[in-house]
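Q: Chains A and B supply the protein sequences, listed in that same order.
Residue 1 is where the first sequence starts when you use full-length UniProt numbering, and the numbers rise one by one after that.
Residue 1 is where the second sequence starts when you use full-length UniProt numbering, and the numbers rise one by one after that.
Beta carbons are placed, not taken as given, at the ideal position from N, Cα and C, and that holds for glycine.
2 protein chains.
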Amino acid sequence: MKDIKEMPGHLVRRLQQIAVAVFHSEIEPTGFDITPVQYAALSTVKTNAGIDQVTLAGLIAYDRTTIAGVVDRLVQKGLLSREVSEKDRRARLLRITEAGDVALAKLTPAVLNAQKVMLSGLEEEEAAELLRLLHKATAALNDHSRAPLKTRS
Amino acid sequence: MKDIKEMPGHLVRRLQQIAVAVFHSEIEPTGFDITPVQYAALSTVKTNAGIDQVTLAGLIAYDRTTIAGVVDRLVQKGLLSREVSEKDRRARLLRITEAGDVALAKLTPAVLNAQKVMLSGLEEEEAAELLRLLHKATAALNDHSRAPLKTRS
DNA sequence: GCCAAATTGACAGCATGCTGATTATCAGTA
DNA sequence: TACTGATAATCAGCATGCTGTCAATTTGGC
Numbered sequence: 001m002k003d004i005k006e007m008p009g010h011l012v013r014r015l016q017q018i019a020v021a022v023f024h025s026e027i028e029p030t031g032f033d034i035t036p037v038q039y040a041a042l043s044t045v046k047t048n049a050g051i052d053q054v055t056l057a058g059l060i061a062y063d064r065t066t067i068a069g070v071v072d073r074l075v076q077k078g079l080l081s082r083e084v085s086e087k088d089r090r091a092r093l094l095r096i097t098e099a100g101d102v103a104l105a106k107l108t109p110a111v112l113n114a115q116k117v118m119l120s121g122l123e124e125e126e127a128a129e130l131l132r133l134l135h136k137a138t139a140a141l142n143d144h145s146r147a148p149l150k151t152r153s
Numbered sequence: 001m002k003d004i005k006e007m008p009g010h011l012v013r014r015l016q017q018i019a020v021a022v023f024h025s026e027i028e029p030t031g032f033d034i035t036p037v038q039y040a041a042l043s044t045v046k047t048n049a050g051i052d053q054v055t056l057a058g059l060i061a062y063d064r065t066t067i068a069g070v071v072d073r074l075v076q077k078g079l080l081s082r083e084v085s086e087k088d089r090r091a092r093l094l095r096i097t098e099a100g101d102v103a104l105a106k107l108t109p110a111v112l113n114a115q116k117v118m119l120s121g122l123e124e125e126e127a128a129e130l131l132r133l134l135h136k137a138t139a140a141l142n143d144h145s146r147a148p149l150k151t152r153s
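#1: According to DSSP, is B/D33 helix, strand or coil?
#2: If you drop the 5 nearest sequence neighbours on each side, which residues of the same chain put their C-beta closer than 6 Å to that of B/L26?
#3: B/A127: buried (16+ other C-beta within 10 angstroms of its C-beta) or exposed?
#4: Whose CA, out of A/L119, A/P8, A/I96, lies closest to the CA of A/L80?
#5: I'd like the span of the alpha helix (DSSP H) that includes B/E6, first residue to last.
#6: Would A/F32 pass as an interface residue toward chain B - the criterion being a Cβ-Cβ separation below 8 Å?
#7: Taking all protein chains shown into account, do 16 or more other C-beta atoms lie within 10 angstroms of the C-beta of B/T138, making it buried, or fewer, making it exposed?
#8: For A/G121 and chain B, any beta-carbon pair shorter than 8 Å?
#9: Sorted by chain position, which residues of the same chain lie with C-beta nearer than 6 Å to B/A21's C-beta, five sequence neighbours on each side aside?
#10: On a CA-only basis, which of A/D63, A/G31, A/P8, A/F32 is nearest A/R148? Give me that one, please.
#11: Since B/K77 meets chain A, which of its residues come closer than 7 Å, beta carbon to beta carbon?
#12: Taking all protein chains shown into account, do 16 or more other C-beta atoms lie within 10 angstroms of the C-beta of B/G78, making it buried, or fewer, making it exposed?
#13: Label B/S43 either buried or exposed according to how many other C-beta atoms from any shown protein chain fall within 10 Å of its C-beta, with 16 as the threshold for buried.
#14: Taking its Cβ as the centre, do 16 or more other Cβ atoms sit within 10 Å of A/V84, making it buried, or is it exposed?
#15: If we ignore side chains and look at the alpha-carbon of each, how far apart do B/E123 and B/L94 end up?
#16: Express the C-alpha separation of A/A91 and A/E6 in angstroms, rounding to a whole number.
#17: Which whole-angstrom value is the C-beta distance of A/A40 and A/V71, which I expect to be below 8 Å?
#18: Looking at the structure shown, is A/D63 part of a helix, part of a strand, or coil, going by DSSP?
#19: I think B/L15 touches A/L59, with their Cβ atoms under 8 Å apart; what is that distance to the nearest whole Å?
#20: Can you tell me whether A/L141 is helix, strand or coil according to DSSP?
#21: To the nearest angstrom, how far is the alpha carbon of A/L104 from that of B/L141?
#22: Using a cut-off of 7 Å between C-beta atoms, extract the partners of B/V12 located in chain A.
#23: Could you tell me whether the Cβ of A/T97 comes closer than 8 Å to any Cβ of chain B?
#24: Closer than 8 Å by C-beta to A/V117: which residues in its own chain qualify, once you throw out the five before and the five after it? Chain order, please.
#25: Within this structure, are the beta carbons of B/A19 and A/V102 separated by less than 8 Å?
#26: Do we get a CB-CB distance below 8 Å when we pair B/Q38 with the residues of chain A?
#27: Taking C-beta pairs closer than 7 Å, name the residues in chain A that B/I4 reaches, listed in chain order.
#28: Using beta carbons (cut-off 8 Å, strictly below), is B/A139 in contact with chain A?
Below you can see the structure in the form of structure tokens.
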């Protein structure tokens, strides 16, 4: 284990780096300028209309500070709307806009394809096994980051 | 595959996020203020004394722009030295300092332990299989990022 | 109803990571 | 030798991701 390149930390970082690059190359032809993080946020807001930022962050395991900037940019692009909650004036409720809906519909096929491409070096069963192992490893250590994943009960 | 949380991209990102958090919590007791990226650079320079920045970047698959900042900070902390090459005045040759050597020796056990912790949710054979799959998946797509891995022949 | 604790969001600050452009230098060729 | 293309490093700029702090607001206990 002396070599950096054999360490799990390095390999995970490397695959993540490749995943982002693949994402961008698959997205580029659609003409939208969106990042993996922004796509995750957009998609999650659509299926959870009226969600606040903290809950959104929990659903996709992002830090709440990070999500603020992401939401800012999505609002600026006109893909999300953000308004102060009536019931809790601390909270900002997020909703997808019509433009966001259109963008999401066009982006989703490209994103799904990117998932395939990033595992294209593996056999079908290997890819499934990788997913299972990633799932198991992350579930066991969910609380180790400032941004744990929170499933909506 | 409709759910973000089931996508390989999300899971890889999540494990990477956890890996960084585990790294920091394992490193913290050693009293050193160093990041995963900085550790990788430091360790690689030690075993490749007199390396230039581009070659270093290639060995650990970092973007050459990113590595510049990383090296800056390591030099500032006194862990690396950087001097203009005599043979090629464009290049900056990197070497580990004595302080860097000491730091590396103290950090390495903690880093190796972090690798174990980040996979502590998996059985022994599962961890090995995960490594194999990560290796295979990244090897197949090595050229997909701006910072491909370059083995020294 | 009042106050302490918790919660939401924001901000400053630092460290990756990337794109694209520029500068300095080197190497091969006409 | 002069020129062209390639290469090492740097810079500006943008987007994560994190820590730590703060203000506004809500909630729970009394």
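A: Judging by the given coordinates:
#1: Here residue 33 of chain B refers to the residue found at position 33 when the second sequence is read from its first residue. Correct three-state label for B/D33: coil.
#2: As a position in the second sequence, residue 26 of chain B is number 26, starting the count at 1. A small correction: the amino acid at residue 26 of chain B is Glu; Leu does not occupy that position in the sequence shown. Sequence-distant Cβ neighbours of B/E26 in its own chain, meaning closer than 6 Å and more than five residues away, are A110, N113, A114.
#3: Here residue 127 of chain B is taken as the residue at index 127 of the second sequence, counted from 1. Buried, because 16 or more other Cβ atoms sit within 10 Å of the Cβ of B/A127.
#4: On the first sequence, residue 80 of chain A is found 80 positions in, with the first residue counted as 1. Considering only alpha carbons, the answer is A/I96.
#5: Counting from 1 along the second sequence, the entry for residue 6 of chain B is found at position 6. Under the DSSP assignment, B/E6 falls outside any alpha helix (DSSP H); it carries neither an H nor an E label.
#6: The sequence position of residue 32 of chain A within the first sequence is 32, counting from 1. By this cut-off, A/F32 is not an interface position.
#7: Translated into the one-based positions of the second sequence, residue 138 of chain B becomes position 138. So B/T138 counts as buried.
#8: Walking along the first sequence from the start, residue 121 of chain A turns up at place 121. With 8 Å as the cut-off, A/G121 counts as an interface residue toward chain B.
#9: The residue labelled residue 21 of chain B in the question sits at position 21 within the second sequence. Excluding sequence neighbours, B/A21 sits near nothing in its chain.
#10: Residue mapping note: residue 148 of chain A aligns to position 148 of the first sequence, counting from 1. Note that residue 148 of chain A is Pro in the sequence shown, not Arg. Shortest Cα-Cα distance from A/P148 to any of A/D63, A/G31, A/P8, A/F32 involves A/D63.
#11: Translated into positions along the second sequence, residue 77 of chain B becomes position 77. Within chain A, no residue comes near B/K77; the closest Cβ sits about 19 Å away, beyond 7 Å.
#12: For the purposes of this step, residue 78 of chain B is taken as residue 78 along the second sequence, with counting starting at 1. Under this definition B/G78 is an exposed residue.
#13: Within the second sequence, the letter at position 43 stands for residue 43 of chain B. Classification for B/S43: buried.
#14: Here residue 84 of chain A is taken as the residue at index 84 of the first sequence, counted from 1. Exposed, because fewer than 16 other Cβ atoms sit within 10 Å of the Cβ of A/V84.
#15: The residue labelled residue 123 of chain B in the question sits at position 123 within the second sequence. The residue labelled residue 94 of chain B in the question sits at position 94 within the second sequence. Between the alpha carbons of B/E123 and B/L94 lies a gap of roughly 39 Å.
#16: Position 6 of the first sequence holds residue 6 of chain A. Position 91 of the first sequence holds residue 91 of chain A. Rounded to the nearest angstrom, the two C-alpha atoms are 45 Å apart.
#17: Translated into the one-based positions of the first sequence, residue 40 of chain A becomes position 40. Translated into the one-based positions of the first sequence, residue 71 of chain A becomes position 71. So it is not a contact: roughly 12 Å between Cβ atoms.
#18: Looking up residue 63 of chain A in the first sequence gives position 63. Collapsing the DSSP output to three states places A/D63 in coil.
#19: One-based indexing of the second sequence puts residue 15 of chain B at position 15. One-based indexing of the first sequence puts residue 59 of chain A at position 59. Not quite, the Cβ-Cβ distance comes to about 17 Å (not below 8 Å), so this is no contact.
#20: Working through the first sequence from its first residue, we reach residue 141 of chain A at position 141. DSSP places A/L141 in coil when its eight states are reduced to three.
#21: As a working note, residue 104 of chain A is residue 104 in the first sequence. As a working note, residue 141 of chain B is residue 141 in the second sequence. Rounded to whole angstroms, A/L104 and B/L141 show a C-alpha spacing of 26 Å.
#22: For the purposes of this step, residue 12 of chain B is taken as the residue at position 12 of the second sequence. Contact note: B/V12 reaches chain A through V12, L15, Q16, A19, L134, using a C-beta cutoff of 7 Å and chain order.
#23: Taking the first residue of the first sequence as position 1, residue 97 of chain A is located at position 97. So, not an interface residue.
#24: The sequence position of residue 117 of chain A within the first sequence is 117, counting from 1. For A/V117, where only same-chain residues beyond five positions count, the Cβ hits under 8 Å are V22, E26.
#25: Start at 1 with the first residue of the second sequence, and residue 19 of chain B comes out as number 19. Start at 1 with the first residue of the first sequence, and residue 102 of chain A comes out as number 102. In this structure, A/V102 does not lie closer than 8 Å to B/A19 by Cβ.
#26: Along the second sequence, one-based indexing puts residue 38 of chain B at 38. Answer no: the Cβ-Cβ gap between B/Q38 and chain A never drops below 8 Å.
#27: Within the second sequence, the letter at position 4 stands for residue 4 of chain B. The contacting residues are A40, S43, T44, I60.
#28: For the purposes of this step, residue 139 of chain B is identified with residue 139 of the second sequence, where counting begins at 1. Yes, its Cβ sits closer than 8 Å to a Cβ of chain A.
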